[in-house]
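Comments concern the structure below.
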Amino acid sequence: MALPDFLLIGAPKSGTTALHAALARHPDLFMSPVKEPKFFLTDGPPPTRGGPGDAQTYREHIWRRADYEALFAAAPEGTPRGESTPFYLHDRDAQLRIRALIPDVKLIAVLRDPVERAHSNWTHLWSAGLEPIGNVVDACAAEPERIAAGWAAFWRYVDLSRYGEQLQHLYKLFPRDQVLVLRYRRIHEEPAATLDRICAFLGVRTGVIDSIPRENVTNHVTDSRVTRALRQALRAGSRIGRDLPLPVRRLARGPLLAALHRERRPRQPLTWEDRQRLIPYFTEDIRLLEEITGEDYGDWLKPR
């Protein structure tokens, strides 16, 4: 039975893609060739409807057990196998499924400043032409309506950043010595030490990998009459083309995305005013996180 020995479980927009690539370079580890299979997010076929672009994303899920195990079939005997699906930390049902199938699995969670994570999440979807609201504060305010309408988890800018609640549930299912919690900023400030800490946790040699690839930083697309029209076309295309094969969808979206990104600029940090409006979403959860972990996350309540 080829199942993973460890999982990078989240959070989204917190460096899991870069970590996956870094760990894949370690000769004593095997990382799934599909970075984000999402196997534990459903008990069967994923949904077919949701927010803009969700139907296409759902079609990329690897949800059949045989297909999932095939991801790890090429791992050398005795080599720890891993995959990275950053929604497992947020999804309580996914945590239960993991516990039922691989109870001894090791879990790695990377926690990013919740306001910065939410902003990065919003920027990702805005720059893809899918987010219809041009301000992250207003988009966060719309989250309850989107959840009620069945939009996928990636639209939950606030909910995905409530790590205290997520870890509280996780620790009811797994002993703490099976869970490694890291801070996102350590990936950038101390890459070699962070990788050594992960390798020690996984029981493989330290000092073998010492760098983490630079993440793709999403630029911010300007809000203009032209880009509004392009984003509207991309959202309409996501509805019309949700049943088309992936290569066809990419071929159709390519020119629209290229035109959209011609009017982009480097992503600007949130203003202190906007940050102040978002922090209250997370204050109580940050206190819970501190209580659960015994660590200080007070810097998340301060200006950037």
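To convert, note that position 96 of the sequence shown is 96 in our numbering; the numbers rise steadily by one, no gaps. Even for Gly, the Cβ is constructed at its ideal location relative to N, Cα and C.
- When beta bridges are read from the DSSP output, F72 appears opposite no residue.
- Between F72 and L202 a beta carbon distance of about 15 Å is seen, past the 8 Å cut, so the two are scored as non-contacting.
- In the structure shown, the three-state DSSP call for R197 is helix.
- The beta carbon of L89 sits closer than 6 Å to those of I9, G10, A11, A109, Q166, all from its chain and outside the five residues before and after it, given in chain order.
- With at least 16 other beta carbons inside 10 angstroms of its own, R162 counts as buried.
- When the beta-carbon positions are compared, T85 and P37 come within less than 8 Å of each other.
- Within the model, the alpha-carbon separation for K35 versus V179 is close to 20 Å.
- Judged by their CB atoms, G82 and L160 are not nearer to each other than the 8 Å cut-off.
- Where S127 is concerned, the enclosing alpha helix (DSSP H) starts and stops at 114 to 127.
- Taking a cut-off of 8 Å on C-beta distances, the segment 269 to 287 touches the segment 122 to 137, as three or more cross pairs fall below it.
- CA-to-CA, the gap between A148 and E131 works out to about 17 Å.
- Put simply, the backbone Cα of E77 is about 15 Å away from that of S32.
- Under DSSP, L182 takes part in a beta bridge, and its partners are V110.
- In its own chain, leaving out the 5 sequence neighbours on each side, no residue places its CB closer than 8 Å to the CB of A100.
- Contact between the segment 107 to 121 and the segment 13 to 25 is established, with three or more Cβ pairs separated by less than 8 Å.
- In the three-state scheme derived from DSSP, where H, G and I count as helix and E and B as strand, I133 is classed as coil.
- The DSSP-derived three-state label of F282 is coil.
- Residue pairing for M1: DSSP places it in no beta bridge.
- Bounds of the beta strand (DSSP E) holding R81 are 81 to 84.
- DSSP places I9 in the strand class (E or B) of the three-state scheme.
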